[in-house]
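Residue numbers (this note's numbering): 307 to 522.
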Amino acid sequence: MSVPTTMLSPVPDNVADVQAATLPTAGVTALRSLELGGLVLAKRVLISGATGGVGRIAVQLARAAGAHVTALVRNATVSAPLLHELGAREVIERLEGDFDLVIDCVGGAVFGQAAEHLAQRGILVNIATQSPDQTVSFRAGRFDRSPGAKIYTLNQWDESAAQGGAANDLARLCALVADGRLDGKAEYEGSWREPEIAVEALLKRTIGGKAVLHVG
307 MSVPTTMLSP
317 VPDNVADVQA
327 ATLPTAGVTA
337 LRSLELGGLV
347 LAKRVLISGA
357 TGGVGRIAVQ
367 LARAAGAHVT
377 ALVRNATVSA
387 PLLHELGARE
397 VIERLEGDFD
407 LVIDCVGGAV
417 FGQAAEHLAQ
427 RGILVNIATQ
437 SPDQTVSFRA
447 GRFDRSPGAK
457 IYTLNQWDES
467 AAQGGAANDL
477 ARLCALVADG
487 RLDGKAEYEG
497 SWREPEIAVE
507 ALLKRTIGGK
517 AVLHVG
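In structure tokens form, the structure reads like this:
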């Protein structure tokens, strides 16, 4: 296997391989989504699907940047303790209010609802599509009342190509993990010879966070 060095970063000695494995996709996606919002200090940031791999990292990064973090989940009673610990100020099941930045890790109807809750010049970052054939709608009048608001579709590979790789982002994320300020949380570890177990657990939502497969 050949990988460009621009997509690689050394792993610090005090960062476990399993934690580092959660960063290339979920971590970099969360970081770049957050950076699209610019300076988020004291701004309202909404993260949907906050208990998932990208979502839980985005919550931690947004809180570290000084944002007022709101986590949108399916079951707030179950998810609130963990998400408050990670840095979410509010954990909700229904959208209320407007947000300066929305990182949508769910897609579908949630994406449509989020488009109606953007503040002026707010940004909705779309990183999830539930089905290529799915139609999503939102009330145009709700979106129109937020001058300057925009929707940005983020594809990590396109972003990496445009930015010359992901090495710097990976190094920053690894440094946060090494300092104890970021936990990617692998909730499942298994053999690469049995990927179906991890896939089933993710599809049935019996785990949050990331699934990591060991090769060898």
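Beta carbons are placed, not taken as given, at the ideal position from N, Cα and C, and that holds for glycine.
State the Cα-Cα distance for the pair GLU402 and ARG369, rounded to the nearest angstrom.
Looking up residue 402 in the sequence shown gives position 96. Looking up residue 369 in the sequence shown gives position 63. If I take the Cα positions, the gap works out to 20 Å.
Report the option in ALA371, SER354, ALA425 whose CA atom is closest to the CA atom of GLU396.
Working through the sequence shown from its first residue, we reach residue 396 at position 90. Minimum Cα distance to GLU396 is reached at SER354.
In whole angstroms, what separates the C-alpha of GLN426 from that of VAL346?
As a first step, residue 426 is located in the sequence shown; it is residue number 120 there, counting from the start. As a first step, residue 346 is located in the sequence shown; it is residue number 40 there, counting from the start. Rounded to the nearest whole angstrom, the C-alpha separation of GLN426 and VAL346 is 14 Å.
Does the beta-carbon of LYS491 have 16 or more other beta-carbons within 10 angstroms, so that it is buried, or is it exposed?
One-based indexing of the sequence shown puts residue 491 at position 185. It is buried - the Cβ of LYS491 has at least 16 other Cβ atoms within 10 Å.
Output the distance between the C-alpha atoms of GLU422 and SER443, rounded to the nearest integer angstrom.
One-based indexing of the sequence shown puts residue 422 at position 116. One-based indexing of the sequence shown puts residue 443 at position 137. So the alpha carbons of these two residues sit roughly 10 Å apart.
Give the DSSP bridge partners of HIS374, in chain order.
For this step, residue 374 is matched to residue 68 along the sequence shown. HIS374 is bridged by DSSP to ARG350.
Helix, strand or coil for ARG369? Go by DSSP, reduced to three states.
Within the sequence shown, numbered from 1, the residue matching residue 369 stands at position 63. Helix, per DSSP.
Can the beta-carbon of ALA332 be found less than 8 Å from the beta-carbon of LYS516?
As a first step, residue 332 must be located in the sequence shown, where it is residue number 26. As a first step, residue 516 must be located in the sequence shown, where it is residue number 210. ALA332 is a Cβ neighbour of LYS516, given a cutoff of 8 Å.
Beta-carbon proximity of ALA336 to LEU378, cut-off 8 Å
Residue mapping note: residue 336 aligns to position 30 of the sequence shown, counting from 1. Residue mapping note: residue 378 aligns to position 72 of the sequence shown, counting from 1. No. Outside cutoff.
Skipping 5 residues on each side, what residues in its chain have a beta carbon closer than 6 Å to that of ALA504?
Taking the sequence shown and counting its residues from 1, the one referred to as residue 504 is at position 198. Around ALA504: TYR494, GLY496, ALA517.
If you draw a straight line from the alpha carbon of THR459 to that of SER308, how long is it in whole angstroms?
If you number the sequence shown from 1, residue 459 lands on position 153. If you number the sequence shown from 1, residue 308 lands on position 2. Cα atoms of THR459 and SER308: separation of roughly 28 Å, rounded to the nearest angstrom.
Please identify the residue among VAL416, GLY358, ASP406, TRP463 whose C-alpha is closest to the C-alpha of LEU388.
Counted from its first residue, the sequence shown places residue 388 at position 82. Checking every option, the nearest Cα to that of LEU388 belongs to GLY358.
Any idea which residues DSSP pairs GLU495 with across the strands?
Position 189 of the sequence shown, counted from the first residue, corresponds to residue 495. Per DSSP, VAL518.
Run through DSSP, which three-state label would GLN440 get?
In the sequence shown, residue 440 corresponds to position 134, counting from 1. If DSSP states are grouped into helix, strand and coil, GLN440 belongs with coil.
Which listed residue (PHE449, GLY428, PHE417) has its alpha carbon closest to that of ALA434
By one-based count along the sequence shown, residue 434 stands at place 128. Nearest of PHE449, GLY428, PHE417 to ALA434, Cα basis: PHE417.
Simplified DSSP state of ILE457, which is helix, strand or coil:
What you label residue 457 is simply residue 151 of the sequence shown in a count that begins at 1. In the displayed model, ILE457 falls within a strand according to three-state DSSP.
Within its chain, find whatever has a CB closer than 7 Å to the CB of GLU502; leave out the 5 residues flanking it on each side and keep chain order.
In the sequence shown, residue 502 corresponds to position 196, counting from 1. There are no such residues.
Once DSSP output is grouped into helix, strand and coil, what is the label at GLY532?
The question about residue 532 has no answer here: the residues shown for the chain are numbered 307 through 522.
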